[in-house]
Structures are given as C-alpha cells and as structure tokens.
Amino acid sequence: MTRRRVVDPGRPDYCGKCAARMQEQERGGTVRPVCPRCGWVYYARNATGAALLLERDGRILLARRAHQPYKDWWAIPAGFVEYGDSAEETVLREAEEEIGIPVRIVGLFGVWFGADDPRDVAHLVVYRVEGEGEPRPGDDVAEVRFFGRDELPERIAFEAQRQAIREWARRGGGVVD
Ligand SMILES: [Zn+2]
0 MTRRRVVDPG
10 RPDYCGKCAA
20 RMQEQERGGT
30 VRPVCPRCGW
40 VYYARNATGA
50 ALLLERDGRI
60 LLARRAHQPY
70 KDWWAIPAGF
80 VEYGDSAEET
90 VLREAEEEIG
100 IPVRIVGLFG
110 VWFGADDPRD
120 VAHLVVYRVE
130 GEGEPRPGDD
140 VAEVRFFGRD
150 ELPERIAFEA
160 QRQAIREWAR
170 RGGGVVD
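Quick note: the sequence shown, position 16, residue 15 per numbering that gives the first Met the number 0, numbers continuous.
Here it is in structure tokens:
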C-alpha cells in the first residue's frame, strides 16, 4: 500500500535535543529528519481528536466553528486529545467547554481518519453520549444546533467529520444500536 504524502507542520529544522541542523536520512524505510550530531530522530505522529455524538429525537448536535480553520463550518463537537489524556477524558471535558452541559459516554460510535486538517493529521474517535440540559455554545463555538438526517448543513469541516456524520445518517439517525 502506498503511503499518502502529507505535510507535517511539526517537522523540525533543528534538533530538539542539541539544536544542530537536522538532515534527511532514511530510518525504517522512510526518510526522516535525523540529527547528525547527537543522532536524535524525529518521528511524526498522528494526533487524536475526540468527538461527542449527542442525539435527541433522531437529530444530531452539531457546532458551528467560531475560529479558523473552517470558521463557520459545522462539526460534531470535538477537540484534540492532550498529551497524556485519554479520548474519553477529552470528550467529557469538551462537553463542558464547548456545549456547556455535562455528558456521560454510552458507547463508541466509530473511528475515522483525516489528513485535511492543516494543524495535524488525526484519527477522530467518536463517542455516543447522553446529557441533560440545553446545549449552548462555549469555547471555540459560535452556535450549536440539532440537525435531522435530511437537514444536515452543506459545509461540514474535515474529512473525518464528514465520514462520521455520513455514517450516522446512513444508519438512519436516531437509532444506531
Ligand atoms: Zn542533536
């Protein structure tokens, strides 16, 4: 299988250990930045995003993004998993920060991969959640709204999000068990 070529925004020009200028060398079949002085090798890693799929009456909660990239495009409320955190912890935190209500996780909906986020290539882990109260836009969110499967917005940000929402709609919305 051919590797896809994606730009790594974190690729270093200088060694993270000794600050020498990095060189391109093959390591494990891939050309990577290698430090000619101390031998440090930079391995790019995919990021992880965690998203919360909250459904009510067969409709899915989406958030309109308040910032770039994809400002004003819609997405399932989500955030990057911080180093050392689990995806579950991230979902619980993002719920309070982005939609203003506490949620509980009721199951894993699925995992998708996207290479079109300029900040990081990432897997998106989508959890089904439940929660009471009226969602309201919090950090990084301009608006939150529930959408039925036949009224989804055209502008959905990110490949992995589009795949997840398409899968939700394909399963009929509302009933995913
Ligand atoms: Zn070095």
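All C-beta atoms, glycine included, are put in the ideal place defined by N, C-alpha and C.
With a contact defined as Cβ atoms closer than 8 Å, R64 and A156 qualify at about 6 Å. Per DSSP, the beta-bridge partners of R20 are Y13. When the beta-carbon positions are compared, V120 and V5 come within less than 7 Å of each other.
In terms of side-chain proximity, the C-beta atom of R20 is found no nearer than 6 Å to any non-hydrogen atom of ligand 1. Counting only runs of 4 or more residues that sit fully inside the stretch 54-84, no alpha helix (DSSP H) segment turns up.
The DSSP assignment places complete beta strand (DSSP E) segments of no fewer than 3 residues inside the stretch 76-160 at 77-79, 103-113, 121-129 and 140-146, in order along the chain. Following the DSSP letters along the chain, one finds V6 in no beta strand (DSSP E), marked with neither H nor E. Remark: the C-beta of R36 is in contact range of ligand 1, defined as less than 6 Å to any heavy atom.
Residue nearest to D138 within the set C37, L60, A94 and P117 is A94 (criterion: CA-CA distance). Residue burial is scored here from C-beta neighbours: Y42 has fewer than 16 other C-beta atoms within 10 angstroms and is therefore classed as exposed.
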